[in-house]
Each structure stands twice: as structure tokens, then as C-alpha cells.
Amino acid sequence: MATLTNDFLTVTISEHGAEVTSIINNHTNQEYIWQADPKVWKRHAPVLFPIVGALKNNEYRYEGQTYHMSQHGFARDRDFTVEAQSDKQVTMVLKDDAESRKAYPFAFVLKLIFTLENNGLTVTYHVENPAAEAPLYFSIGGHPGFNIPVTPDTKFEDYFLAFQPLKSRVQVPLIAGKGIDYKHRTLAATDANLQLNHEFFKQDAVIYELNGRSAFSLRSDKTRHGVMLTTTDAPFIGVWSPYPTEGNFVCLEPWWGIADTTDATGDLTEKLGINKLEPNEVFDHSYLIEIF
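Per the numbering used here: the sequence shown = residues -7 to 284.
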């Protein structure tokens, strides 16, 4: 485990999956990260790589060969190596190996850089293509789960999802077990706060297309405590909580990629939202978690 601390927060990150397992407010001793009850959801804040969401039939094709991969990829279940650490920052690294190449035939270097400043934690995804000739195709995203309610004197239904800026956004339908119905995107009323209840997640994750800086907050009128996640360039965000099993948490998930569409061809190079790095190119993108 790696621990980052300052006057405001204490953050714990596991080398297994490079997963944030705890964010504690030092002034109130409140825990903001879901504590992975296996009866509900056994994870805290997994890294989604090299795919986001599920592949059609859990498989894809690349250069004439078919590969199998489960939902959200394998990085969340692999051990990372700590490359550098201080009180305020830690860098964890995962590289391709014989095991990864069974499901994903690419050379890669994946670094997760966690930086603590004041009441915020910045999570940076750094992906390198070390190959001499071949391109690297991948998706990547976050899946942090935040405790809702935050305080013991409030309940799940006291909270709402707030958007900044307040404007309508495109919602992307997810058909459970079938994939993204990208052809039937609709305009969502994200120009106002959305009250939370468990029925809100009846159709699985609620997905929005993004364009530029967007901030998503979990707040309540009954407490001043909450959390905000900000991204400047993620093309999608998913908002999820389990249903019909009810968990007292909500995931805010910035994605540079998305699950397969219902009409996906299976060719990785044609996948919606796929990122492509040429040899020696680098991908650097981040999001910010702020606690209040």
C-alpha cells in the first residue's frame, strides 16, 4: 500500500490494480471511498484498461486473430510496481508481459500517477507505446466508488448529482447485456440537478458524452460534505450504482473509451472511442477528485 497525506486528506492506494482504496477527510475522519463489500461490489476504484466496459461476446479481432477479454480489461487485477513515491505523489507502473499478450498482443507501458494537493487528488493516466513499428490500440478509464451517504445523519436519497457547467448533454443508452445503442443517443436534462434514488440505475450505468471541461458532484442540501470529479477532456462519463442490489455508493467514471456498440464489428481498430498510439507516442490525461 502507498499512502499520501497532507493537512486535508489521507489517501491509500494499493499496488494491486493501482486502486485507490481510501480517501479520508483528516478533519472529520470521514471515509469517502466505498469499502468494497463483496456482497455488493468487491472493488473500490478500479482502473479500466485496455478496454472500458464489455466487448461484444467478450472478444475482439486484431490482424486476423480473435482474442478474448472480460469486462473492463485486466489491469484492475494485476500488480503494479511503485516507480516513485513521496508524501504527495506516487507513480505505479504496469508493463506488458507473456500473460497480458495472451489476451492483448501489444507492447505497452501504463503508469498511474496520483498527486495529492489540498483537498484534491489528481489521477493521471500515462500510456506509452514502446514498440518499434506497431501501433497501440486501447481504451482507459476510472471507476471510483464514493460512499453515499457521506455522513451518518443522511441517506442515499438525500443526495443529488450536480453538473458544471449546467447545460444539456447527450446521453448514450446502454442496453444491459447487449452494449451501447449509439444510434439512439438522446439529449439529457443535465442543465439541472438530478435527485438520486436507486431506481435511477435500473438500466445499468447512465452514460453522458462530454465536450470540454465537466464537473460532476454528489451533494446534499442536508450536509456540506460531498465529492466532485472534474475532467477536462474525457469524451464520456458513466454514473453507476448497483441495481437491484442496493449499495450505498455511486461511481463517477471518466472514460477515454466506451463499451462495444450493439452493432460492433469486433475489429479493435474500428471500436467506438478507441485510442491509437503510434510507436513512441504518449497518452497523458487526468481527472481530479475533490473532497469537501
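We put the beta carbon where it would ideally sit given N, CA and C, even for glycine. The structure displayed is predicted, hence computed values, not measured ones.
Item                                                                                                                                                                                           : Value
Give me the Cβ distance between GLY249 and LYS48, rounded to the nearest whole Å; I'm assuming they're in contact under 8 angstroms.                                                           : With 8 angstroms as the limit, GLY249 and LYS48 do not qualify as a contact, their Cβ atoms being about 14 angstroms apart.
Which residues mark the beginning and the end of the alpha helix (DSSP H) in which LYS94 is found?                                                                                             : 92 to 95
For ALA46, which of ASN203, GLY171 and THR114 has the nearest alpha-carbon?                                                                                                                    : GLY171
Could you check whether PRO127 and GLU270 sit closer than 7 angstroms to each other, using their CB atoms as the reference points?                                                             : yes
If you check the beta carbons only, do LEU202 and ILE167 fall under 7 angstroms apart?                                                                                                         : no
Pop quiz: ARG211 and THR222 are said to be a contact at Cβ under 8 angstroms. What is the actual Cβ separation, rounded to whole angstroms?                                                    : Between THR222 and ARG211 the Cβ distance is about 14 angstroms, and since that is not below 8 angstroms, they are no contact.
Once DSSP output is grouped into helix, strand and coil, what is the label at GLU262?                                                                                                          : helix
Taking only three categories from DSSP, how would you classify GLU55?                                                                                                                          : coil
Would ASN67 pass as a contact of PHE41 if the rule is Cβ separation under 7 angstroms?                                                                                                         : Checking the sequence, you will find Ala at residue 67 rather than Asn. Yes, the pair counts as a contact, with Cβ atoms nearer than the cut-off.
Which class does TYR117 belong to by DSSP, given the choice of helix, strand or coil?                                                                                                          : strand
Measure the C-alpha to C-alpha separation of LEU244 and THR253 and round it to an integer number of angstroms.                                                                                 : 21 angstroms
Are PRO234 and TRP26 closer than 7 angstroms when you measure CB to CB?                                                                                                                        : no
In angstroms, rounded to a whole number, what distance separates the CA positions of HIS60 and SER14?                                                                                          : 32 angstroms
How many whole angstroms separate the CB atoms of HIS118 and ILE132, which I take to be in contact at a CB cut-off of 8 angstroms?                                                             : In fact, because the Cβ distance is near 10 angstroms, the residues do not count as touching under 8 angstroms.
Count the other C-beta atoms from every protein chain shown that fall within 10 angstroms of the C-beta of THR261, then say buried if there are 16 or more, exposed otherwise.                 : exposed
Give every residue of the same chain whose Cβ lies closer than 7 angstroms to the Cβ of SER62, excluding the five residues on either side of it in the sequence, and list them in chain order. : ASN50
Please classify GLY56 as buried or exposed, where buried requires at least 16 neighbouring CB atoms within 10 angstroms.                                                                       : exposed
Kindly give me the distance between the Cβ atoms of ASN(-2) and LEU108, rounded to whole angstroms, as I take these residues to be in contact under 8 angstroms.                               : 6 angstroms
Are the CB atoms of HIS8 and ASP71 nearer to each other than 7 angstroms?                                                                                                                      : yes
Based on Cα-Cα distance, which residue from VAL44, ARG93 and ILE281 lies nearest to TYR54?                                                                                                     : ARG93
Enumerate in chain order the residues of its own chain whose CB-to-CB distance from ASN189 is below 8 angstroms, with the five nearest sequence positions on each side excluded.               : PHE148 and GLU149
When the distance is taken between beta carbons, is GLU11 closer than 7 angstroms to PRO38?                                                                                                    : yes
Are SER209 and ALA251 closer than 7 angstroms when you measure CB to CB?                                                                                                                       : no
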